[in-house]
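What follows is a single structure, written as structure tokens, with notes after it.
In the UniProt record's numbering, the protein residues as written are 1 to 126.
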């Protein structure tokens with residue numbers, strides 16, 4: 001079966017338990033339609049780049065699934081109809097990465113791009 005990664009944003013006025021309840025609800029939708037959620041992560045409340053439905057923040061959730069296309073379409077349809085879900089993004093991937101997502105890794109553990117040798121900058125005159 002194809003592999004997918006899903007990210008959805010729910011309203012900021014939900015409690016953490018309600019936001020995690022949405023993850024369980026959509027996991028059940030996938031499993032009822034023949035798929036399974038390999039892993040899920042609750043990223044917490046984060047500030048968005050722009051307002052969506054008068055909300056500046058939202059509860060972010062991430063799912064990795066192994067499901068047929070019909071199950072994913074049904075889950076996306078129900079997400080779009082749900083009043084608490086503001087945005088949905090689903091991406092088909094070739095394979096799931098091991099370990100936590102980049103959002104869940106500590107800042108220190110994230111790999112930083114190699115900036116190369118910047119050399120001696122010499123005296124800086126002001």
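Where a beta carbon is used, it is the ideal one built from N, C-alpha and C, also for glycine.
- Counting pairs of Cβ atoms below 8 angstroms between the region 23-30 and the region 95-103, do you hit three or more? no
**Study point:** DSSP-derived helix/strand/coil call for residue 55
**Key:** strand
Relative to the C-alpha of residue 81, which residue among 10, 2 and 5 is closest? 10
Compare the beta carbon distance of residue 38 and residue 31 with 9 angstroms and say whether it is the shorter of the two.
no
### Query
Would DSSP call residue 82 helix, strand or coil?
coil
By how many angstroms is the C-alpha of residue 86 removed from the C-alpha of residue 45? A straight line joining the alpha-carbon of residue 45 with that of residue 86 spans about 13 angstroms.
Hey, could you find the ends of the alpha helix (DSSP H) residue 25 is sitting in?
16-32
message = Please classify residue 49 as buried or exposed, where buried requires at least 16 neighbouring CB atoms within 10 angstroms.
response = exposed
- Message: On the DSSP bridge list, what partners appear for residue 77?
- Response: Residue 77 is not bridged to any residue.
Determine the burial state of residue 34: buried for a count of at least 16 other Cβ atoms within 10 Å of its Cβ, exposed for fewer. exposed
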